[in-house]
Amino acid sequence: MTAPTQNEVGRDLRLTGVTKRFGDFVAVDDLSLTVPRGSFFALLGPSGCGKTTTLRMVAGLEEPTKGHIAIGHEDITWSKPYKRPVNTVFQSYALFPHLDIYENVAFGLRRRGVKDVKKQVEDMLDLVELTGYARRKPAQLSGGQQQRVAVARALINRPEVLLLDEPLGALDLKLRRQMQLELKRIQTEVGITFIHVTHDQEEAMTMADTIAVMNGGRIEQMGAPADLYENPMTTFVANFLGQSNLLTGKITGRAGDDTLIDINGNRVALPTSRVHAGSDMAHVGVRPEKMQISISEDEAVPAGHNSLDGVIIDASFIGVSTQYLVKLPWGQEIAVFAQNVRRDDRLVDGARVSVHWDPSHAFALDAAQAADAGVELDEEAALPDPVAT
Amino acid sequence: MAIDLTTPRAAAAQPPVAARPARGPVHWVREHLIQILGLGALFYMFLPIFVVFAFSFNSPVGRTNYTWSKFSLNAWLHPCDPEGMCESLGLSLKIGVVATIGAATLGTLIAFALARHRFRGRSATNLLIFMPMATPEVVMGSSLLTLFLNLTVIPLGPITITIAHVMFCVSYVVVTVKARIAGLDPRLEQAAMDLYADESTAFWKITFPLVLPGIVAGALLAFSLSFDDLIVTNFNSGSYVTFPMYVLGSSQRGTPVQVNVVGTAMFAVALVFVIGGQIIRRRRMVV
Amino acid sequence: MASPSDLVPGLDELTDEVSGTKSGRLRSRKTPYLLLAPGMLWLALFFVVPMIFLLSQSLQTGNLDDGYTLTFRFANYADAASGYGAIFIRSFVWALVATVLALVIAYPLAYLIAFKSGRWKNVLLVLVIAPFFTSFIIRTLAWTFILSDDGAVVRFLNWSHINDVLTFLQLTSDQRVLATPLAVIAGLTYNFLPFMILPLFASLDRIDPRFLEAAQDLYSAPFTAFRKITWPLSLPGVVAGTLLTFIPAAGDYVNAQLLGNPSTRMIGSVISAKFLSTGDLPAAAALSFTLMVTIVILVSVYVRRAGTEELV
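So the sequences go chain by chain: A, B and C. Okay, so the first sequence: first residue is 1 according to my numbering, each after it adds one. Okay, so the second sequence: first residue is 390 according to my numbering, each after it adds one. Okay, so the third sequence: first residue is 677 according to my numbering, each after it adds one.
In structure tokens form, the structure reads like this:
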């Protein structure tokens, strides 16, 4: 294992054409990506998409069928796990049950022959706020505490890349939120590259600088959370991250910087830079919170906004917002999330409404892609995976 | 239609209150049937042990120790009085230790192979390991005797007894250790390698300490099977006498009281071991 | 679109294993064979080979003085069947009775420990396991006292006339219990009780008590819940326990010797006597081999559905 040299304190991690096959099943399909040093990178996707397999290949716990993995200029594709400057925080923490917390955290240092580990262990326990727990056994700690020990155990070795395999999956909601912020804080403080694997899109968006959305062994889209969210390029990404209303229509032409699309007789425009369709049929996507709703009679649609008429079939008051389900003339139901700033009592079931949005908030995707890609999987992903250890 | 609860008439027309079911001794027995039967079975198991304990303090009239005559500590104070008893005890202990070490070693190796590797001939291996547990001792003992009689190289005695004991104890060790390995999280070894331990270090520092309780349990089981074995030993001991053989032999002439002393002592030692094991397990809190 | 992991539960674990989880590298192909070799060789040498010798011995003729020669005398088996058929049957019947009795006695105890023991669970387990490590022969001898002719048990049986019923069933005789079939069966039952309790307990302990609650919630009376849920789920333990009891019981002779009389001999006693006393090795070997084969057949029929993985 080579330590970083003077001029490359922390190096980029690069995967090139990495493929992993288990018999006939392709878990990871020709994956290429570069993780810049010091960034918080998230691999996001539903269970079975290959994100954990990719992580394990970086850790050295799996061998790629094809392709290369390199840190800086050093090719580590075939290096053993104990020879890589990479450490892992496992999904089930994998704390050694027969060793106390002190020895668990010190394990990596001891294996590398470090003689005096006391100061480093104590500092690390302080960092994860577990001072005083040094002599306890893992079984005596709560889930959240175990998770922090797992992080400490990995971080103490100052790896160039820290891999986190769905580390927050077993925690309850409140604790998870807390730990998300904690991990982000630690990463910023320590400056190490973090690669975080998760199926929780909110978690990825909260913590990561860059997200790679994976599906079926491939990367669907990669970029900053806001970019992915506001300007998805595939239906999978549009549905997996948050929620999208997808309206199918035919591209009719251009008008300046905008593209015009006809949706069942309604003319809609959006900036051409946000059109990612290959043919002339496209899904126009607008997120529910970007849509606004008003009584049709009021004719309150601002100039320049696209609008569609429909009927409210459900209005659910959530507290922060009200979620409307609006049925369009051709039967499609779309969702509208309206923040409860000013409540209009007339917006009830059966009301005739106009749903409108700013054209720059819409995006257009290739109609050849399934409109429901990434939808059900998101719900499944919210449940704990019964198969995982 | 509102119900007016304030009128007296409404208060009078209350629903009938269900009577509490009568409780009697029959009912109590039915409710606690499982407990009664279960504890009865436990009592049945312990009855002979009480008898053994009680009669170790007997000073028998005549050779047989079947009727109580008077209390005496004689047997406890002079445990090795009966001729040949302590020798047989020593032989059983020695054989027990050697056989345990042998069976524990062979069995642990097999358990690891079965639990952690894929290989051809798995079913055949499982079958061969299962067979000794499914064979009556008479058959095993007699077949081994036939072997030793034909291979005159090995004289009948401690060596043949030990060989036999190792043979039938291995299976039990395999079952015990394999269960323990199966319950181990495979990610622990991976975590160790992720933390710079090579394969060998990961095994000795992580896997082995966690499997050790299973190996110890298997070893204890092997020891008790070996120490207590009568039938297979009887066939293959030649002129040597182990403790169970001694007891069987003396039962015709009249078992000395000291036998009860040994029996009680064995039970006490076993109790200490089993309770100790429970305490250790709780103390270590090994998941 | 569902992924293979969704369709096949456990696929991830399986593929982990297939690709070689330990370090992501496939272990040396030879490792398992090296690990297996010493133990399996030992078993082959001292279990399988002796069986072959036994078979060979059973086809020989001769005696202690003149020696033995391999004459392929299959008549040995015919002799065994005709001469000792009754004793064979007696041994199997008694072993069966003892097994059933052991099951009846052990089941409530195992059930008690698994479901109704609360804080006392570990204590009870200790109490069940400890006698197992105590010399069985000493405990069996204690029964000669408990069942002695003027002991409390026998006097009670006589006074209550239960002994008359037992004598009618040919289980006892002469106002005695010792040196009767009943004593032998009782001894067999007692000896192998721990072998019945522990597998039963292990099986019952695995049952989630909430299954029973669910059954009660769905209008099932306690006994029905037992019949339809607990009993079927405890079957693996029942199978294991009955095997571990029946097999050694069928070949036992110690109980018959200590608690019975010459007319209650079991097949084990005959084999032992022929081997060690009279030196009629071919006949003894034939009997022994027949016992072995019979048990193997019975066990295979009984366990037809369980794979070998579940047995070991």
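All C-beta atoms in this analysis are idealised placements derived from N, C-alpha and C, irrespective of residue type, glycine included. From a predicted model like this one, the values you see are computed outputs, not experimental measurements.
- Comparing C-alpha distances from residue 528 (chain B) to each of C:976, C:914 and C:722 shows the shortest one belongs to C:722.
- Take residue 579 (chain B), set aside five residues on each side of it, and no residue of its chain has a beta-carbon closer than 6 Å to its own.
- With a cutoff of 9 Å on beta-carbon distance, residue 943 (chain C) and residue 927 (chain C) are scored as near each other.
- Among the residues of chain C, none has a CB under 8 Å from the CB of residue 602 (chain B); the nearest is roughly 15 Å distant.
- By the CB criterion at 9 Å, residue 55 (chain A) and residue 195 (chain A) fall inside the cutoff.
- For residue 152 (chain A), the nearest beta carbon of chain B is not closer than 9 Å to its own beta carbon.
- DSSP places residue 357 (chain A) inside the beta strand (DSSP E), whose first and last residues are 352 to 357.
- For residue 321 (chain A), no alpha helix (DSSP H) run applies; the uninterrupted beta strand (DSSP E) run containing it begins and ends at 321 to 327, by DSSP.
- In the structure shown, residue 169 (chain A) falls within a coil segment according to DSSP collapsed to helix, strand and coil.
- Annotated as distal: residue 499 (chain B) and residue 551 (chain B), with beta-carbon spacing of 9 Å or more.
- The three-state secondary structure of residue 301 (chain A), taken from DSSP, is coil.
- The region 896 to 908 of chain C makes no contact with the region 863 to 879 of chain C; the number of CB pairs closer than 8 Å stays below 3.
- For residue 708 (chain C) and residue 953 (chain C), the gap between their C-alpha atoms comes out near 45 Å.
- DSSP places residue 649 (chain B) in the helix class (H, G or I) of the three-state scheme.
- A residue is called buried once 16 or more other Cβ atoms fall within 10 Å of its Cβ, and residue 81 (chain A) is buried on that count.
- The DSSP-derived three-state label of residue 266 (chain A) is strand.
- Our two residues, residue 491 (chain B) and residue 473 (chain B), have alpha carbons roughly 27 Å apart in a direct line.
- Secondary structure in the region 229 to 275 of chain A: the beta strand (DSSP E) runs of 3 residues or longer, each lying completely within the stretch, are 245 to 255, 258 to 263 and 266 to 271 in chain order.
- In the structure shown, the three-state DSSP call for residue 639 (chain B) is helix.
- Put simply, the CB of residue 647 (chain B) is far from chain C, with every gap to its CB atoms at 9 Å or more.
- Interface residue (Cβ-Cβ distance to chain B less than 9 Å): residue 861 (chain C) is not classified as such.
- Less than 9 Å divides the Cβ of residue 88 (chain A) from the Cβ of residue 59 (chain A).
- Listed along the chain, the chain C residues whose CB falls inside 7 Å of the CB of residue 631 (chain B) amount to none; the nearest CB is some 11 Å away.
- Around residue 788 (chain C), the same chain offers 800 as residues with beta carbons nearer than 8 Å, after the five sequence neighbours per side are excluded.
- One thing to note: residue 966 (chain C) has its Cβ within 9 Å of the Cβ of residue 756 (chain C).
- C-alpha of residue 894 (chain C) to C-alpha of residue 888 (chain C): approximately 10 Å in a straight line.
- Three or more Cβ pairs closer than 8 Å define a contact, and the region 771 to 787 of chain C falls short of that threshold against the region 830 to 841 of chain C.
- Proximity of residue 930 (chain C) to chain B, defined by a Cβ-Cβ separation below 9 Å, is satisfied.
- Counted as a single uninterrupted DSSP element, the alpha helix (DSSP H) harbouring residue 526 (chain B) occupies residues 526 to 539.
- Taking a C-beta distance under 9 Å as the contact criterion, residue 253 (chain A) and residue 259 (chain A) qualify as a contact pair.
- Boundaries of the beta strand (DSSP E) around residue 68 (chain A): 66 to 71.
- Taking 9 Å as the cut-off, the Cβ atoms of residue 359 (chain A) and residue 303 (chain A) do not count as close.
- For residue 337 (chain A), no alpha helix (DSSP H) run applies; the uninterrupted beta strand (DSSP E) run containing it begins and ends at 333 to 339, by DSSP.
- Under the 10 Å beta carbon count, residue 182 (chain A) is surrounded by 16 or more other beta carbons and is classified as buried.
- For the 9 Å CB-CB criterion, residue 456 (chain B) and residue 729 (chain C) do not form a contact.
- When only Cα atoms are considered, residue 841 (chain C) and residue 829 (chain C) end up about 15 Å apart.
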